[in-house]
Amino acid sequence: MTARDLHLFEAGARLQMNESIELTIQSLQAYAGQHEHLVIAWSGGKDSTATLTLICWLIETGRIARPKRMTVLYADTRQELPPLAIAAQEIMDQLAERGIDFRVVRAALDKRFLVYILGRGVPPPNNNTLRWCTRQIKVDPMAEAIAETLGDGTALTITGVRQGESAIRDRRIEMSCGKDGAECGQGWYQQILPESKGIRGRIATLAPILHWRVCHVWEWLRHWAPQDEFGGWPTEIIADAYGGDEAEEINARTGCIGCPLAQEEKALDSILAIPKWAHLAPLHELKPIYRWLREPAQRLRKSGIERLKNGEIGKNPQRMGPLTFKARLTALDQILNIQRRVNAEGNRGMFELIDAEEEARIRQLISNETWPDGWDGTEPTADTWLPVTIYGNGAEQHDLFGLEEPA
Ligand code: SF4
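In terms of the working numbering, the sequence shown opens at residue 10 and continues consecutively.
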């Protein structure tokens, strides 16, 4: 059966598991052989884990040729849900046993999610103005790791991007996908990495499970991959983390715990419904902490007067900015407290949202009075009354009672 034949399924017939795997094999046979080096960009989520374990099985059973060189890069944001982090660790143990080359990819210490927020004072991201996180904790570290892995050569990067039946219906089976169609951190490899500095033009990207339906992913993770004949991978736990067999496509998204950009925490809720993970309940307190940190009382604000005097009026001259030291220390205590409670009740090994090195660095940055660029801590807090409102066009609105004039 060829990729072209499968258009016959447009009428609505389902691709069966074996057919999905067959198409995956065809795509790998067509493209992997053209490259000496295979780089698997693995996020630890369901689609990229299915891709990784499937490729290992296909190589081990001779269904696809063994590449001359293969490297697995695991993107560790330090904010993963514990079951996913544990599963990733177990899979890495197995990669090591099989002699497969892998690397854990993390942002530099000062750029990690909680160090950046609590140490440097940058507010948690939001949907509108300040979405700094995806690039900083996922895309850039992965791009750098790929560039290092490549050396002077070229490679085929494998991603877990998946579009299900629409991939076939829309005739995108040639793997020309460029859409960011899944959870944060899943579509980005394909869209952004090829453009990244240092690797532009030197990697090709292939999404070999592009056409898989989500039920095939569950089927593989829960029923096939754990069996010895398919590699004996500890992947059931990943299916659990997404709600398992019952998970709907819309429900099947994960990202950082307490992601400030997500409305709900469906993955965490799914996990908490499983008795052995009930001790993770305090993690529900993270999102309110991130919300609290974005409130005016916890942040500084530009008065705008200096900029007005210098003729530097921009879009938002009285914009809100970084977090006060008091707010950072309060949030640090609260998050460490959540961590302590999870670990006290869990008794399943240490779970560290903030590890000792990160905590020490956060405290050091605070005691060094570190502010983001363009701020020095002399600005008023954002809940302070300002006697004059300055608009983006430079217009001023003075307090009607004239208590104070701008200097
Ligand atoms: S999951 Fe949320 S917090 Fe994490 S990188 Fe994505 S958008 Fe940012």
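All C-beta atoms in this analysis are idealised placements derived from N, C-alpha and C, irrespective of residue type, glycine included.
Query: What did DSSP end up calling Gln406 once you bin it into helix, strand or coil?; Result: strand
Query: Taking the C-alpha atoms as reference points, what is the distance between Gln348 and Pro133?; Result: 19 Å
Query: Does the segment 39-52 come close enough to the segment 324-341 that 3 or more CB-CB pairs lie under 8 Å?; Result: no
Query: Taking only heavy atoms of the ligand SF4 into account, decide whether any of them is closer than 8 Å to the Cβ of Ile146.; Result: yes
Query: For Ile244, which residues in the same chain have their Cβ closer than 8 Å to its Cβ, ignoring the five residues on either side in sequence?; Result: A small correction: the amino acid at residue 244 is Thr; Ile does not occupy that position in the sequence shown. Cβ neighbours of Thr244 beyond the five flanking positions: Thr58, Ala59, Thr62, Ala96, Ile100, Trp229, Leu230, Arg231, Ala234, Pro235.
Query: Which value, in whole angstroms, describes the spacing of the CA atoms of Gly383 and Leu32?; Result: 53 Å
Query: Just to confirm, does Gln373 get its C-beta within under 8 Å of one of the non-hydrogen atoms of the ligand SF4?; Result: no
Query: Specify, as a first and last residue, the run of the alpha helix (DSSP H) that Met26 falls within.; Result: 26-40
Query: With distances taken between CB atoms, is the gap from Glu368 to Ser312 smaller than 9 Å?; Result: no
Query: Quick check on Ala152: buried or exposed, where buried means 16 or more other Cβ atoms within 10 Å of its Cβ?; Result: buried
Query: From this set, Arg372, Phe122, Glu238, which residue's C-alpha is nearest Tyr299's C-alpha?; Result: Phe122
Query: Heavy atom of the ligand SF4 less than 8 Å from the Cβ of Gln88, yes or no?; Result: yes
Query: So for Leu215, helix, strand or coil by DSSP?; Result: strand
Query: If you draw a straight line from the C-alpha of Ala154 to the C-alpha of Leu82, how long is it?; Result: 8 Å
Query: Tell me which residue opens and which closes the beta strand (DSSP E) that Tyr83 is part of.; Result: 78-84
Query: Does the distance between the C-beta of Ala50 and the nearest non-hydrogen atom of the ligand ZN fall short of 8 Å?; Result: Looking at this structure, you won't find the ligand ZN anywhere; what it does contain is the ligand SF4.
Query: Which runs of the beta strand (DSSP E), 3 residues or longer, sit entirely within the segment 84-143?; Result: 110-114
Query: Taking the alpha-carbon positions, what's the Glu361 to Gln88 distance?; Result: 9 Å
Query: Report yes if the CB atom of Leu289 is closer than 9 Å to the CB atom of Ile280, and no otherwise.; Result: yes
Query: Indicate, with yes or no, if the ligand SF4 has a heavy atom lying under 8 Å from the CB of Thr398.; Result: no
Query: Can you tell me whether DSSP reads His220 as helix, strand or coil?; Result: coil
Query: When the Cα atoms are used, what is the spatial distance from Val226 to Pro284?; Result: 24 Å
Query: Can you tell me the Cα-Cα spacing of Arg72 and Gly240, whole angstroms?; Result: 14 Å
Query: Considering only the beta carbon of each residue, do Val51 and Ala84 sit closer than 9 Å?; Result: Note on residue identity: the sequence assigns Trp, not Val, to residue 51. Against a cut-off of 9 Å, the Cβ pair of Ala84 and Trp51 comes out as a contact.
Query: Where DSSP assigns a beta bridge to Ala50, which residues make up the other side?; Result: Leu82
Query: Between Asp278 and Arg112, what straight-line distance do the alpha-carbon atoms span, to the nearest angstrom?; Result: 30 Å
Query: Measuring only the C-alpha atoms, how far is Thr393 from Leu338?; Result: 20 Å
Query: How about Phe122: is its Cβ closer than 8 Å to a heavy atom in the ligand SF4?; Result: yes
Query: How about Gly108: is its Cβ closer than 8 Å to a heavy atom in the ligand SF4?; Result: no
Query: Got a sec, what are the start and stop residues for the alpha helix (DSSP H) Ile246 sits in?; Result: 245-250
Query: Under 6 Å Cβ to Cβ from Ile146, same chain only, skipping five residues before and after it: list those, please.; Result: Thr86, Ala116, Phe122
Query: Just verifying my parser: in three-state terms, what is the DSSP assignment at Arg310?; Result: strand
Query: According to the Cβ coordinates, are Trp221 and Asp56 closer than 9 Å?; Result: yes
Query: Between the C-alpha atoms of Thr158 and Thr80, what's the straight-line distance to the nearest angstrom?; Result: 8 Å
Query: Less than 9 Å between the beta carbons of Gly54 and Gly169, yes or no?; Result: yes
Query: For Leu67, which of helix, strand or coil comes out of DSSP?; Result: helix
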